[in-house]
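Working notes, beginning with the structure itself.
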Amino acid sequence: MTWIENLLFTTESVAHTVFLYAFVIALGVYLGKMKFFGISLGVTFVLFVGIVAGHFGFVGEKNIMHFLQEFGLILFVYSIGLQVGPGFFSSFKKGGMRLNMLAAGIVLLNIVVAFAIYLIANGRIEMPMLVGILSGAVTNTPGLGAAQQTLAQLHFDGKLDVVPEIASGYAAAYPLGVVGIIGSMLIIRALFKVKLDKETKEIEEENKESLLTPHLVTYKVENPLIFGRTVLDMAHIIERNFVISRIKKKNDEVIIPKSDTVIEEGDLLLTVLSVQDEDALKAFIGKPVEMDWKAIPAPVVSRRILVTKPEFNGRKIGSLRLRMGYGLNVTRLNRAGVDLVANPNLTLQVGDRLTAVGKIEDINRLAERLGNSMKRLNEPNMITLFVGILLGIVLGSIPLAIPGMSSSMKLGLAGGPLVVAILIGRFGYKFKLVTYTSTSASLMIREIGICLFLASVGLTAGGGFVDTVVNGDGLLWVLWGFLITIIPLLIIGTIGRWYYKLNYFTLMGLIAGSNTDPPALAYANKVASNDAPAVAYSTVYPLTMFLRVLTAQLMILAFA
1 MTWIENLLFT
11 TESVAHTVFL
21 YAFVIALGVY
31 LGKMKFFGIS
41 LGVTFVLFVG
51 IVAGHFGFVG
61 EKNIMHFLQE
71 FGLILFVYSI
81 GLQVGPGFFS
91 SFKKGGMRLN
101 MLAAGIVLLN
111 IVVAFAIYLI
121 ANGRIEMPML
131 VGILSGAVTN
141 TPGLGAAQQT
151 LAQLHFDGKL
161 DVVPEIASGY
171 AAAYPLGVVG
181 IIGSMLIIRA
191 LFKVKLDKET
201 KEIEEENKES
211 LLTPHLVTYK
221 VENPLIFGRT
231 VLDMAHIIER
241 NFVISRIKKK
251 NDEVIIPKSD
261 TVIEEGDLLL
271 TVLSVQDEDA
281 LKAFIGKPVE
291 MDWKAIPAPV
301 VSRRILVTKP
311 EFNGRKIGSL
321 RLRMGYGLNV
331 TRLNRAGVDL
341 VANPNLTLQV
351 GDRLTAVGKI
361 EDINRLAERL
371 GNSMKRLNEP
381 NMITLFVGIL
391 LGIVLGSIPL
401 AIPGMSSSMK
411 LGLAGGPLVV
421 AILIGRFGYK
431 FKLVTYTSTS
441 ASLMIREIGI
451 CLFLASVGLT
461 AGGGFVDTVV
471 NGDGLLWVLW
481 GFLITIIPLL
491 IIGTIGRWYY
501 KLNYFTLMGL
511 IAGSNTDPPA
521 LAYANKVASN
531 DAPAVAYSTV
541 YPLTMFLRVL
551 TAQLMILAFA
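The UniProt record's numbering applies: residue 1 is where the sequence shown begins, and numbers increase by one.
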């Protein structure tokens with residue numbers, strides 16, 4: 001039975017380390033599916049299982065564990081960056097700016113409360129441990145990873161004798177962090193006497209009045225000013241974003257319009273446009289009419305084509321010459337579940353779905369040209385992944401001098417890949433980098449990364465966790481973490497509801513997103529039964545994640 005003893009207790013063995021990680025992650029993920037009062041902690045349970053295993057002396061080979069921790073963190077933050085990159089910059093537009101400012105206010109107040117605790121404690125706690133508590137209180141794992149990276153760098157530079165196990169503070173504060181986030185939602189709901197039915201109706205009205213969602217309208221040509229004009233002339237005269245999909249002539253002939261197609265009195269134009277342009281086109285063309293285009297016999301069909309060939313990544317729709325080369329109209333483009341009105345200047349990305357209208361043989365020719373293959377789409381784009389990681393590590397290693405600080409700051413293995421992934425997610429198509437990843441593949445990379453990181457942190461911290469928490473200031477850590485969680489949320493939540501009149505469901509998404517907390521989002525979605533919390537969550541998530549990673553490092557360096 002020697003082989004069993006070697007497998008279980010020989011810490012220098014690679015097999016032992018892999019076995020230990022597999023056990024900790026499998027048990028942690030299983031327990032994470034359990035719900036307590038309707039709330040599950042998800043993969044965070046991997047951390048707690050790792051702590052228990054570490055407490056009983058189960059550890060792996062030190063260098064392997066260190067590598068798995070850092071590599072897991074890189075995979076996690078990089079996959080997050082690719083996911084949020086396309087919407088990172090657009091999230092600052094219009095209503096997104098207000099939500100992001102409120103989220104930044106929560107991040108700032110978290111730091112203010114933590115700093116106040118640091119002063120009141122009067123030397124009872126060191127800043128690095130408080131940063132660990134802060135990361136747990138706001139349920140932000142990348143912030144913990146960034147702080148650990150900074151501490152390791154300070155130790156390497158000889159400015160820190162021992163690297164503190166700040167994961168203990170994180171683990172102590174995390175459970176009540178989740179409770180505090182959801183609790184703040186309930187307190188605000190009670191404080192403002194929110195009626196969920198009323199909030200739901202408001203959201204439904206907002207969705208009906210959405211200005212950007214494309215829809216179909218049939219217009220009858222009645223304006224003498226456009227009689228005899230071409231489709232191209234119309235586009236130049238009225239500078240609106242619309243597409244004429246089909247035209248029904250007086251002789252009942254249905255045609256696909258080209259740029260030189262002449263518009264005549266009485267023509268019926270099937271038009272794809274946004275709500276905001278509907279009245280303008282009504283005044284320009286004529287009154288809208290009811291028309292069942294499917295009931296009209298015509299050699300014209302509508303099909304969706306998937307862009308899967310990498311050579312079309314970054315190409316504009318206009319460059320495809322669809323009307324001249326294929327006799328087709330592209331009316332809509334669906335990207336990540338969002339429909340957009342197609343226009344010649346819209347840039348294609350791999351994974352886009354084009355709605356094309358025309359003859360079936362022409363659509364088939366275009367589909368063959370663009371790829372239209374789910375098999376091709378499901379192939380992993382390994383070049384983008386590892387080029388991004390390579391550039392992220394380079395960026396994270398560059399020292400950045402900050403005035404007033406004794407040590408230069410580095411974005412590290414957490415911040416560097418995150419920033420590069422955001423930039424690649426947004427601008428990668430300009431450099432012919434295919435950033436599309438299937439949802440399942442993206443989730444797999446992200447979950448593997450976070451599980452490896454949390455297991456490593458738990459196993460490393462487990463040896464001294466019980467002694468630190470039970471015999472030390474563990475209960476105070478829990479209290480301090482709860483204060484860091486709830487005070488900023490109540491302040492900003494009150495401002496958002498009272499001053500900015502935010503819808504309650506949107507506010508729930510803001511609160512969950514500002515703490516990058518999936519369990520809180522799951523609770524908000526369950527209460528709302530609409531996508532308002534998810535929209536607000538995704539709006540503030542990118543900036544919040546970036547600020548959490550950055551501020552964790554700055555707090556460490558400021559007190560180094």
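The beta carbon of each residue, even a glycine, is placed where N, CA and C say it ideally should be.
From a predicted model like this one, the values you see are computed outputs, not experimental measurements.
From the options, residue whose alpha carbon lies closest to that of residue i
{"i": "residue 361", "options": "327, 348, 351 and 353", "result": "327"}
{"i": "residue 414", "options": "181, 281 and 69", "result": "69"}
{"i": "residue 193", "options": "341, 494, 548 and 534", "result": "494"}
{"i": "residue 35", "options": "546, 501, 159 and 523", "result": "523"}
{"i": "residue 518", "options": "436, 42 and 346", "result": "42"}
{"i": "residue 371", "options": "339, 422, 51 and 307", "result": "307"}
{"i": "residue 14", "options": "31, 63 and 30", "result": "63"}
{"i": "residue 492", "options": "33, 543, 54 and 185", "result": "185"}
{"i": "residue 203", "options": "556, 536, 309 and 552", "result": "536"}
{"i": "residue 47", "options": "500, 511, 315 and 141", "result": "141"}
{"i": "residue 363", "options": "322, 399 and 374", "result": "322"}
{"i": "residue 341", "options": "237, 162 and 242", "result": "242"}
{"i": "residue 511", "options": "55, 30, 189 and 163", "result": "189"}
{"i": "residue 195", "options": "424, 544, 503 and 261", "result": "503"}
{"i": "residue 526", "options": "558, 544 and 505", "result": "505"}
{"i": "residue 585", "options": "33, 59, 2 and 12", "result": "Nothing in the structure corresponds to residue 585, since the chain is present only between 1 and 560."}
{"i": "residue 310", "options": "428, 330 and 390", "result": "428"}
{"i": "residue 245", "options": "343, 386 and 160", "result": "343"}
{"i": "residue 44", "options": "12, 57, 346 and 26", "result": "26"}
{"i": "residue 218", "options": "401, 198 and 286", "result": "286"}
{"i": "residue 65", "options": "483, 53, 18 and 216", "result": "18"}
{"i": "residue 555", "options": "133, 54 and 122", "result": "133"}
{"i": "residue 543", "options": "97, 56, 16 and 24", "result": "97"}
{"i": "residue 564", "options": "220, 548, 4 and 2", "result": "The structure shown has nothing for residue 564, since the chain only spans 1 to 560."}
Unbroken alpha helix (DSSP H) run spanning residue i, endpoints
{"i": "residue 412", "result": "412-427"}
{"i": "residue 394", "result": "382-397"}
{"i": "residue 556", "result": "532-558"}
{"i": "residue 284", "result": "278-284"}
{"i": "residue 48", "result": "45-55"}
{"i": "residue 526", "result": "518-528"}
{"i": "residue 189", "result": "167-191"}
{"i": "residue 373", "result": "Taken as a continuous stretch (DSSP letters only), residue 373 belongs to no alpha helix (DSSP H), as it is neither H nor E."}
{"i": "residue 473", "result": "It is not in any alpha helix (DSSP H) - residue 473 carries neither H nor E in the DSSP assignment."}
{"i": "residue 436", "result": "Segment: none, residue 436 is in no alpha helix (DSSP H) and carries neither H nor E."}
{"i": "residue 25", "result": "14-32"}
{"i": "residue 131", "result": "127-137"}
{"i": "residue 232", "result": "231-237"}
Start and end residues, beta strand (DSSP E) containing residue i
{"i": "residue 358", "result": "353-358"}
{"i": "residue 561", "result": "With the chain covering 1 to 560 only, the question about residue 561 has no answer from this structure."}
{"i": "residue 332", "result": "329-335"}
{"i": "residue 244", "result": "242-248"}
DSSP bridge partner residues for residue i (one or two, in chain order)
{"i": "residue 215", "result": "273"}
{"i": "residue 501", "result": "The partner list for residue 501 (beta bridge, DSSP) is empty, contrary to what the question assumes."}
{"i": "residue 268", "result": "220 and 248"}
{"i": "residue 316", "result": "347"}
{"i": "residue 288", "result": "219"}
{"i": "residue 340", "result": "333"}
{"i": "residue 255", "result": "247"}
{"i": "residue 108", "result": "Answer by DSSP bridge pairing: none, since residue 108 is not bridged."}
{"i": "residue 457", "result": "Its beta-bridge partners do not exist; DSSP assigns none."}
{"i": "residue 113", "result": "Its beta-bridge partners do not exist; DSSP assigns none."}
Rounded distance between the beta-carbons of residue j and residue i, thought under 8 Å
{"i": "residue 102", "j": "residue 396", "result": "With a Cβ gap of about 29 Å, residue 102 and residue 396 do not count as contacting."}
{"i": "residue 100", "j": "residue 394", "result": "Not a contact, Cβ separation roughly 28 Å."}
{"i": "residue 453", "j": "residue 72", "result": "4 Å"}
{"i": "residue 416", "j": "residue 392", "result": "4 Å"}
{"i": "residue 258", "j": "residue 231", "result": "7 Å"}
{"i": "residue 332", "j": "residue 254", "result": "About 19 Å; that fails the 8 Å criterion."}
{"i": "residue 137", "j": "residue 481", "result": "4 Å"}
{"i": "residue 284", "j": "residue 238", "result": "5 Å"}
{"i": "residue 424", "j": "residue 367", "result": "Not confirmed; about 28 Å, so no contact."}
{"i": "residue 478", "j": "residue 116", "result": "Wrong, their Cβ atoms sit about 17 Å apart, outside the cutoff."}
Distance cut-off 7 Å: residue i Cβ against heavy atoms of the ligand ADP
{"i": "residue 396", "result": "Looking for the ligand ADP in the displayed structure turns up nothing, as the structure carries no ligands at all."}
Taking 8 Å as the threshold, find out whether the region 163-172 comes into contact with the region 451-463 through three or more Cβ pairs. yes
So does the region 518-532 actually touch the region 222-236, counting three or more Cβ pairs closer than 8 Å? At 8 Å Cβ cutoff, the stretches do not touch.
The region 286-295 contacting the region 347-354, beta-carbon criterion three pairs below 8 Å: no
Touch test, the region 140-152 against the region 412-427, Cβ-Cβ under 8 Å, three pairs minimum: Proximity of the region 140-152 to the region 412-427 meets the contact definition, three or more beta-carbon pairs being nearer than 8 Å.
Does the region 117-135 come close enough to the region 431-445 to have 3 or more Cβ pairs within less than 8 Å? no
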